[in-house]
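J.:
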DNA sequence: ATTGGCTATGAATATCCTGTTGATCGAAGA
DNA sequence: TCTTCGATCAACAGGATATTCATAGCCAAT
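Residue numbers (our numbering), protein chains in the order written: chain A, 1 to 223; chain B, 1001 to 1223.
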């Protein structure tokens, strides 16, 4: 998942960024609204976390301009102000969710994933965010992978990788595509991280490892 | 699949080109509209990706001229402009689809394949993107060929070859045409790679191998 | 601060497979 | 029959993938 964080206070920004990275997410940081808008012009993010109090143009204005550009990226607003007025006006300007500071980090993460899930139109039936294939179950809400009922510990990147693989069952995915989704890098295709991680996953999946097939000259396929 | 990308910004062009290549597609790049039109005059593409903002003649004009030449190649328009007006006028000028920047790469790929599928008359029923003929099924999303229900391993070039053959069922394809589509080379016809690969494919298709008929002096025909 | 454990990443290696060529053999048409 | 075009084969070089290792960074606990 790719996240853009627009926050001027460096300490706070750093704190948030680290927490999100620990989730295996890729975080880009902008110190003010203009910079943020510039970045959004070229690249697409899954979620934008936007501080309300910014030097220069305010968070509200950023949000407004974003929507004026017909950009529908989910926006999570952060603010130190506790008044409900702010909240209401924020939502009216196109924010999708709102979190008052100080906040619980787990809550931020939960809400951000919720935003993302909503935006990507996950199945909203009973199997909320569960991906299954044979004895393999990945619960994206709990972020737990189960192999034949046994929980397998995964690192953040490994989780993201298995998630995207299982989500696109029976579809060949190019390395580039995986790199984009999991690592968020749009350049430097001369790395073999993907291969390394595929290897690790295969090992951890045990007998199901062979479900990840390599499509020579193309990438990998799950299923 | 052969794609012509008309985009002036080198960074963007490079980014797009890499991603498309990773999908196994052959990409030709033109830095401006005139160059693009020149290239189209000589060669045939499956899809044209066209930036709206170009130095010299605009993307809209390119599209218009293209259609004036009775060229029906599907056109995918890209633009940084936010207003919907642009979209409408773009489509009116003959573009087949439209994607506002910034876009999600997966979406670009999905849309481009959709365009291609529509143009080549792939099965538009539930078997989205599957080519079938008797016991032979090629799933272009999974990149898997099935012979009577049995998966057959193919190399990258073999996959492309069977795809183009099956997509142009009952049509004779010249070696040059195949060379152009699969190998992306439009010169040097004094190689027999095509013959070699046809041979390999025939072998792998087993009983269906004879579906690939050779049209003496012309090329090959599937069906 | 320092330490230890863990993750992420890049590099190096080894292995396997594909792509390509040129030669030779066979088949079809004049 | 002769000629031309296509089929097939073997072999090589380069490319792609798997796997392992070493390093760097991060976090938590001391």
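Glycine included, every Cβ here is placed at the ideal spot set by N, Cα and C. Keep in mind the model is a prediction, meaning the values are calculated, not measured.
(1) Just to confirm the assignment, what range does the alpha helix (DSSP H) spanning residue 1178 of chain B have?
(2) Can you tell me the Cα-Cα spacing of residue 1053 of chain B and residue 1047 of chain B, whole angstroms?
(3) Examine chain B for any beta-carbon lying closer than 9 angstroms to the beta-carbon of residue 40 of chain A, and answer yes or no.
(4) When you compare the CB of residue 22 of chain A with every CB in chain B, is at least one pair closer than 9 angstroms?
(5) Can you give me the C-alpha to C-alpha distance between residue 13 of chain A and residue 27 of chain A, rounded to a whole angstrom?
(6) Which residue marks the beginning of the alpha helix (DSSP H) containing residue 1115 of chain B, and which one marks its end?
(7) Distance check for residue 204 of chain A and residue 1112 of chain B, CA to CA, integer angstroms please.
(8) Buried or exposed for residue 104 of chain A, please, with buried defined as at least 16 other CB atoms from any protein chain shown within 10 angstroms of its CB.
(9) Bridge partners of residue 7 of chain A, per DSSP?
(10) Mind listing the chain B neighbours of residue 72 of chain A? Cutoff is C-beta to C-beta under 7 angstroms, in chain order.
(11) Helix, strand or coil: how does DSSP classify residue 1065 of chain B here?
(12) Pair every Cβ in the segment 1004-1011 of chain B with every Cβ in the segment 1163-1180 of chain B, then say whether three or more of these pairs are closer than 8 angstroms.
(13) Give a yes or no on whether 9 angstroms exceeds the smallest Cβ distance from residue 1019 of chain B to chain A.
(14) Taking contact to mean 3 or more Cβ pairs, one atom from each stretch, closer than 8 angstroms, check whether the segment 1014-1024 of chain B and the segment 1061-1074 of chain B are in contact.
(15) For the candidate residues A:42, A:95, A:108 and A:97, whose alpha-carbon lies nearest to that of residue 1078 of chain B?
(16) On the three-state DSSP scale, how would you describe residue 132 of chain A?
(17) Using a Cβ-based criterion (distance less than 8 angstroms to any ligand heavy atom), does residue 1047 of chain B qualify as near the ligand COA?
(18) Give me, in chain order, the residues of the same chain whose beta-carbon lies closer than 8 angstroms to that of residue 210 of chain A; leave out the 5 immediate sequence neighbours on both sides.
(19) Could you please give me the residues that DSSP links to residue 980 of chain B through a beta bridge?
(20) Considering Cα atoms alone, identify which of B:1065, B:1025 and B:1002 is closest to residue 1033 of chain B.
(21) Beta strand (DSSP E) containing residue 1099 of chain B: first to last residue?
(22) Can you confirm whether residue 107 of chain A, when its beta carbon is compared against all beta carbons of chain B, has any partner nearer than 9 angstroms?
(23) Please list the terminal residues of the continuous beta strand (DSSP E) segment that includes residue 80 of chain A.
(24) Mapping DSSP to helix, strand and coil, what is residue 1048 of chain B?
(25) Measure the C-alpha to C-alpha separation of residue 1157 of chain B and residue 154 of chain A and round it to an integer number of angstroms.
(26) How many Å lie between residue 1219 of chain B and residue 1180 of chain B at the Cα?
(27) Could you tell me which of B:1190, B:1206, B:1168 and B:1161 sits nearest to residue 1197 of chain B, measuring between CA atoms?
(28) Under a three-way DSSP split, which group does residue 1142 of chain B fall into?
(29) Does any residue of chain B have a CB that is nearer than 9 angstroms to the CB of residue 219 of chain A?
(30) Among B:1038, B:1051, B:1050 and B:1098, which residue has its Cα nearest to the Cα of residue 1069 of chain B?
(31) So, helix, strand or coil for residue 1153 of chain B, using DSSP?
(32) Would you kindly report the start and end of the unbroken alpha helix (DSSP H) that includes residue 182 of chain A?
T.: On the basis of the data shown:
(1) That run of the alpha helix (DSSP H) goes 1175-1178.
(2) Spanning the two alpha carbons is a distance of roughly 19 angstroms.
(3) Interface criterion met: the Cβ of residue 40 of chain A is under 9 angstroms from a Cβ in chain B.
(4) With respect to chain B, the C-beta atom of residue 22 of chain A has no partner C-beta closer than 9 angstroms.
(5) Between the alpha carbons of residue 13 of chain A and residue 27 of chain A lies a gap of roughly 10 angstroms.
(6) Run containing residue 1115 of chain B: 1105-1120, per the alpha helix (DSSP H) assignment.
(7) Straight-line Cα distance between these residues: approximately 35 angstroms.
(8) Taking all protein chains in view, the Cβ of residue 104 of chain A is surrounded by fewer than 16 other Cβ atoms within 10 Å, so the residue is classified as exposed.
(9) Note: residue 7 of chain A sits in no beta bridge, so no partner.
(10) The contacting residues do not exist; residue 72 of chain A stays about 10 angstroms from chain B at best.
(11) In the three-state reduction of the DSSP assignment, residue 1065 of chain B falls in the helix class, which pools H, G and I.
(12) Taking one beta carbon from each stretch, the segment 1004-1011 of chain B and the segment 1163-1180 of chain B have fewer than 3 pairs nearer than 8 angstroms; the two do not touch.
(13) Put simply, the CB of residue 1019 of chain B is near chain A, with a gap under 9 angstroms to one of its CB atoms.
(14) Not touching, per the Cβ criterion.
(15) The residue from A:42, A:95, A:108 and A:97 with its alpha-carbon nearest to that of residue 1078 of chain B is A:42.
(16) Shown here, residue 132 of chain A sits in a strand according to DSSP, grouped into three states.
(17) With respect to the ligand COA, the structure shown offers nothing to examine, as it has no ligands at all.
(18) Cβ neighbours of residue 210 of chain A within its own chain (closer than 8 angstroms, five residues either side excluded): 202.
(19) Residue 980 of chain B lies beyond the range of chain B shown here (1001 to 1223); nothing can be said about it.
(20) The residue with the shortest Cα to Cα distance from residue 1033 of chain B is B:1065.
(21) Element bounds for residue 1099 of chain B: 1097-1100.
(22) Taking a beta-carbon distance threshold of 9 angstroms, residue 107 of chain A does not count as an interface residue toward chain B.
(23) Residue 80 of chain A: not part of any beta strand (DSSP E); DSSP gives it neither H nor E.
(24) Here residue 1048 of chain B sits in strand by DSSP.
(25) C-alpha separation (whole angstroms): 36 angstroms.
(26) Here the C-alpha atom of residue 1219 of chain B lies approximately 13 angstroms from the C-alpha atom of residue 1180 of chain B.
(27) Answer by Cα proximity: B:1161.
(28) Taken through DSSP and simplified to helix, strand or coil, residue 1142 of chain B comes out as coil.
(29) Using a CB distance cut-off of 9 angstroms, residue 219 of chain A counts as an interface residue toward chain B.
(30) The shortest CA-to-CA distance from residue 1069 of chain B to any of B:1038, B:1051, B:1050 and B:1098 is the one to B:1038.
(31) It is coil, neither helix nor strand.
(32) Unbroken run through residue 182 of chain A: none, as it is neither H nor E.
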